[in-house]
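Asks: Quick one: this structure, given as structure tokens, is what I'll be asking you about.
In mature numbering (1 follows the signal peptide of the UniProt record, and there is no 0), the protein residues as written are -21 to -1, 1 to 329.
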């Protein structure tokens, strides 16, 4: 019996040694793989390389085009993403659906670097499930060589003068949202009547639209292939550097004030390493690198001190004062979201 026990012990020891040899855990005691799922071109690649070198953790990095694509993949199961970057309304939806893990703030010492105005927002009270990453507005980017008038209203995107030279974002919440603002409604409306009016406006606009895009509109605007486009502020700041003929404006009717955050799905089996990565991303020098690379406004106030003053003083990138007076934040609409999806499908199919 002792021999049997002895052989069992040796067998188990061999398994343990084999597991160590396979690289499951690195020399620092961390699991050596981390799966990160993020928007396209939304992080400085050098930051990922530096994290891998410092902690000996290999990052498997994948991109998604929009919140709904990310949500569908998480809901379908079979994934083991450790860190995701959902927008504010998607954070709220995923909390409701039990798809996010609570964060252990004891492991997030750099949370102190996040500005107070970006903490404890309605989509995640107490920041139990998410940490702010980037934020900004939505507006109109236009080519001053092709547009010879002042642009200050969403109405410009419906001007027949620019027929087939207008690019819209291929996103239900964003495109329907600014149309609702144009009509004087909330971009979070639960009114079928208001939603139908927005649909009618977008169908009326459709013959003027060159394309519905998410990323390709940037190349169009740089190349002067379109007069104007619906754009996120971070993209706009980047495009203005590429083409000095471009300008960006936040329309007077109000805009979407958006936030993207870092969170951990319930499917993650490596919460310790995921929190390590999120805390690393909140280091001022790391957050500043990402903000400089992506050109989106960082929620990290310590990182802002490391950025060029001409960037942080630009009110299009970093609006001053009470930012919530300048826009409206998306909220999760629950089951009513299907109405937005229906309307968007009908618009695209028209």
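Where is the CB? At the ideal position from N, CA and C, for every residue including glycine. Note that the structure is predicted; figures quoted are calculated from it, not measured.
What is the DSSP secondary structure of residue 91, reduced to helix, strand or coil?
Replies: helix
Asks: Restricting to Cα atoms, I'd like to know which of 22, 246, 85, 124 is closest to residue 225.
Replies: 124
Asks: Let me know if residue -1 comes out buried or exposed under the rule of 16 or more other beta-carbons within 10 Å of its beta-carbon.
Replies: Caution applies to residue -1, whose pLDDT of 38 falls short of 50 and renders its modelled position unreliable; the value that the coordinates give is listed next. Under this definition residue -1 is an exposed residue.
Asks: Report the option in 215, 291, 36 whose CA atom is closest to the CA atom of residue 10.
Replies: 36
Asks: Applying the criterion that 16 or more other CB atoms from any shown protein chain within 10 Å of the CB defines a buried residue, is residue 178 buried or exposed?
Replies: Buried, since its Cβ has 16 or more Cβ neighbours within 10 Å.
Asks: To the nearest angstrom, how far is it from the Cα of residue 176 to the Cα of residue 309?
Replies: Roughly 19 angstroms separates the two Cα atoms.
Asks: Measuring straight from C-alpha to C-alpha, what distance separates residue 144 and residue 250?
Replies: 47 angstroms
Asks: Is the CB-CB distance between residue 240 and residue 65 below 8 angstroms?
Replies: yes
Asks: Sort out for me which residues DSSP pairs residue 111 with in a bridge.
Replies: 240
Asks: When you compare the CB positions of residue 82 and residue 245, do they come within less than 8 angstroms of one another, or not?
Replies: Result no, Cβ atoms of residue 82 and residue 245 do not sit closer than 8 angstroms.
Asks: Along the beta strand (DSSP E) that carries residue 351, what are the first and last residues, could you check?
Replies: With the chain covering -21 to 329 only, the question about residue 351 has no answer from this structure.
Asks: DSSP on residue -2, reduced to helix/strand/coil?
Replies: Residue placement at residue -2 is poorly supported in this model, since its pLDDT is 39, which falls under 50; the coordinates still yield a value, given next. Residue -2 carries a helical assignment under DSSP once its states are collapsed to helix, strand and coil.
Asks: What alpha helix (DSSP H) runs, 4 residues minimum, are completely inside the segment 193 to 240?
Replies: 195 to 202, 212 to 221
Asks: Please list the segments of the alpha helix (DSSP H) lying wholly inside the segment 17 to 45, counting only runs of 4 or more residues, in order along the chain.
Replies: Runs of the alpha helix (DSSP H) inside the segment 17 to 45: 24 to 34.
Asks: Can you name the residues that DSSP bridges to residue 279?
Replies: 93
Asks: Rounded to a whole number of angstroms, what is the C-alpha to C-alpha distance between residue 49 and residue 97?
Replies: Going by the C-alpha atoms only, they are around 23 angstroms apart.
Asks: Would you list the one or two residues that DSSP bridges to residue 147?
Replies: 191
Asks: Report the residue from 278, 8, 161 whose alpha carbon sits nearest the alpha carbon of residue 95.
Replies: 278
Asks: Can you look up residue 4 in the DSSP assignment and give me helix, strand or coil?
Replies: Note: residue 4 maps to strand in three-state DSSP.
Asks: Please look up how many angstroms separate the CB atoms of residue 231 and residue 131, rounded, as I've assumed it's under 8 angstroms.
Replies: 5 angstroms
Asks: Do residue 30 and residue 22 have their beta-carbon atoms positioned less than 8 angstroms apart in this structure?
Replies: no
Asks: Going by C-alpha distance, which of 146, 247, 283 is nearest residue 195?
Replies: 146
Asks: Note down the Cα distance separating residue 122 from residue 271, rounded to an integer number of angstroms.
Replies: 24 angstroms
Asks: Classify residue 214 as buried or exposed, calling it buried when 16 or more other Cβ atoms lie within 10 Å of its own Cβ.
Replies: buried
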